[in-house]
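Quick notes on the structure that follows.
In this note's numbering, the protein residues as written are 0 to 88.
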């Protein structure tokens, strides 16, 4: 399984900066992604913030960063969070 969905998301997760997105958003997303990677269950993720479930996309979860920005991900009990992505919704 692939941990990050895009190269820009991986760049943000490792360096806190990336892709022409405002710095305060990338820094906040970086913090969420770092915590998300070490979570062992969906219950752990609930400590970070409220989990959003997207009705039209089964199995897709999200954590709000700011405004319309959120970190979306899929969850596997064996692997944890994967296909993590910073996006506007």
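Each residue gets a CB set at the ideal place from its N, CA and C atoms; glycine is no exception.
- Looking at the DSSP output, residue 72 shares a beta bridge with 60.
- Contact annotation: residue 82 and residue 25 have beta-carbon atoms that are not nearer than 9 angstroms.
- For the pair residue 54 and residue 4, the Cα-to-Cα distance works out to about 20 angstroms.
- Here the C-alpha atom of residue 69 lies approximately 12 angstroms from the C-alpha atom of residue 8.
- Rounded to the nearest whole angstrom, the CA to CA distance from residue 87 to residue 63 is 10 angstroms.
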